[in-house]
Amino acid sequence: MADTTTIEALKKKHNKAKNVRKALNVLAFVAPLTTAVPDALTGASGAMKELSADWTPLGIFTTDGGEITPDVSVDDVDGLGYAEPVRSDLTKATKTIKLNIFELFRKEMLSLTHGIDLSQVKANATTGEVVFDDPLLPSIPEKRLLIVAADGPADDEWLMGWCFTRAKLVSMPTIGLKATDAITGDLEFKAFADEAAGTACRNYYGGSAMLKHRDITGFSV
Numbered sequence: 461m462a463d464t465t466t467i468e469a470l471k472k473k474h475n476k477a478k479n480v481r482k483a484l485n486v487l488a489f490v491a492p493l494t495t496a497v498p499d500a501l502t503g504a505s506g507a508m509k510e511l512s513a514d515w516t517p518l519g520i521f522t523t524d525g526g527e528i529t530p531d532v533s534v535d536d537v538d539g540l541g542y543a544e545p546v547r548s549d550l551t552k553a554t555k556t557i558k559l560n561i562f563e564l565f566r567k568e569m570l571s572l573t574h575g576i577d578l579s580q581v582k583a584n585a586t587t588g589e590v591v592f593d594d595p596l597l598p599s600i601p602e603k604r605l606l607i608v609a610a611d612g613p614a615d616d617e618w619l620m621g622w623c624f625t626r627a628k629l630v631s632m633p634t635i636g637l638k639a640t641d642a643i644t645g646d647l648e649f650k651a652f653a654d655e656a657a658g659t660a661c662r663n664y665y666g667g668s669a670m671l672k673h674r675d676i677t678g679f680s681v
C-alpha cells in the first residue's frame, strides 16, 4: 500500500510562515553610474553596511510605498491543428520601478525631476531662497537606483534589496496642491542593463533573520 499523508501534515512540513514578507520600512537611494554596485548590503552580524557618500537618499515614502513590475514579452508560434502554441520564446524582460515619495523639494530630487544640473545652484545668503529655470528640454540622467526594504525587528530582521545598475526616470511627478493632502510625487523608473556590471538588477536577501532562519529559505552556505 502506498504511503499516505494529510493536507495538514504537508502544510506543517513544507509551509514556513517566516517566509511571508512585508516591506515595513523602505529606503531608496540614487548614485552616479560611476558608483560601484554593492557586493553585499550586510556584514557578519547581518546588520546593514553603511553606504558610501555617493548614494543620495530619496527620502520618506508614502504609505503606498512602491512597486517593482516585470515587463515580459513572449513570441508564440502557432501550429496548424493545435489549440495552443507549439513554441514560445521570451523576447523581452525588463523592469519598471514606481516609487511614491514625499520629499520632492530636496536638491537631488529637484535635479532629478526637473532634468537639470543643480550642482552649482546656491541659496541666497540673505533670503535663503533658491531660484532656477526649467530647461526647454529636460535632460534626465541615468543613475544607479538602490531600494532596500526591511521586515521585522532589528534582532530578527529580513533585508531585501534591489540595485538597478542603470535606471532612468521616465515620468515627471504630478504636483497636487491641496490643503487636505501632503505634496507627493509618483516616480517611475525604467531599468536597463549596465554592461560593466553585467546585469540590470542585483538582488540582495539578508539581515539578522537570514542568519537565524536561513534553512527555511532553501539556501545553503
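For the sequence shown, the residue numbers in my numbering are 461 to 681. We treat Cβ as the ideally placed atom computed from N, Cα and C, and that holds for glycine.
Short check: CB of residue i to CB of residue j, under 7 Å?
i      : j      : result
Leu629 : Ile600 : yes
Val486 : Phe521 : yes
Leu606 : Cys623 : yes
Val532 : Val546 : no
Ile528 : Lys552 : no
Asp654 : Arg626 : yes
Pro633 : Thr573 : yes
Leu578 : Lys567 : yes
Gly519 : Ile561 : yes
Leu470 : Asp611 : no
Ala583 : Val591 : no
In three-state DSSP terms, what is residue i?
i      : result
Gly471 : Just to set this straight, residue 471 is Lys in the shown sequence, not Gly. It is helical.
Lys482 : coil
Thr495 : coil
Ile676 : helix
Ala669 : helix
Thr573 : helix
Ala477 : helix
Report the partner residues of residue i according to the DSSP bridge assignment.
i      : result
Val490 : Thr516 and Leu605
Pro530 : Lys555
Ser548 : Asp536
Phe592 : DSSP, once it has assigned bridges, lists no residue as partnering Phe592.
Asn560 : Asp646
Phe684 : Examination of residue 684 is not possible in this model, given that the chain is present from 461 through 681 alone.
Phe521 : Ile561
Asn663 : Trp622
Please confirm whether residue i has its beta-carbon closer than 7 Å to some beta-carbon of chain D.
i      : result
Lys555 : Of the protein chains in this structure there is only one, and it is not chain D.
Between residue i and the ligand NAP, is there a pair consisting of the residue's CB and a ligand heavy atom that are separated by less than 6 Å?
i      : result
Arg566 : In terms of ligand content, the structure shown is empty, and the ligand NAP therefore cannot be addressed.
(request) Would you mind listing the beta strand (DSSP E) stretches within the region 594 to 649 that are 3+ residues and don't spill past its ends, in chain order? (result) 603 to 611 and 618 to 629
(message) Measuring CB atoms only, is the region 655 to 671 touching the region 492 to 511, in the sense that at least three cross pairs come out at less than 8 Å?
(response) yes
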